[in-house]
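Below: one structure, written as structure tokens.
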Amino acid sequence: MLRLNLSTEPRWLDLGHGVRLFVEPLTTAIMLAARSDPTIVAAAGDADSSATNDDLARIVAKAVAHIVVKDWEGVGDENDEPLPLNPEGIDALLELWPIFEAFQTRYIAGALILDAEKNA
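The sequence shown begins at 27 in this note's numbering and counts up by one.
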């Protein structure tokens, strides 16, 4: 049986290393909006593009994050001063492998992949 989580409330997502993101639930509308991001359209639609699946995963993660991340904790500058949330900061944060991987597995994949044993 497929279990639906109908909560529309944002929640804190722990990415490790003291970083937390306050994110909206990942919905079809959000994924469709992210797919309309010009960076994704350019990478996916360019026949001459050398964008790999990994490149596309990174681009999609950033596009989704720009839409769903409403706040963050544990992100600071070189002087340990908290940084304000902005698109450039989200992009820089997701360039850090452990953070990107955690966002992919705990948020994007978690919302897209049905648990084979329980939800198939």
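Glycine included, every Cβ here is placed at the ideal spot set by N, Cα and C.
- In this structure residue 97 touches residue 48 by the C-beta definition: roughly 4 Å separates them, less than 8 Å.
- Assigned with DSSP and collapsed to three states, residue 100 falls in coil, not helix or strand.
- With the rule of 3 Cβ pairs closer than 8 Å, the region 84 to 92 counts as touching the region 109 to 116.
- Annotated as distal: residue 69 and residue 58, with beta-carbon spacing of 8 Å or more.
- Annotated three-state conformation of residue 71 is helix, per DSSP.
- For residue 84, no pairing in a beta bridge is given by DSSP.
- By the CB criterion at 8 Å, residue 46 and residue 52 fall outside the cutoff.
- The three-state secondary structure of residue 44, taken from DSSP, is coil.
- For residue 119, the secondary structure class from DSSP, reduced to helix, strand or coil, is helix.
- When secondary structure is reduced to three states using DSSP, residue 111 falls in the coil class, being assigned neither helix nor strand.
- As a beta-bridge residue in DSSP terms, residue 37 pairs with 49.
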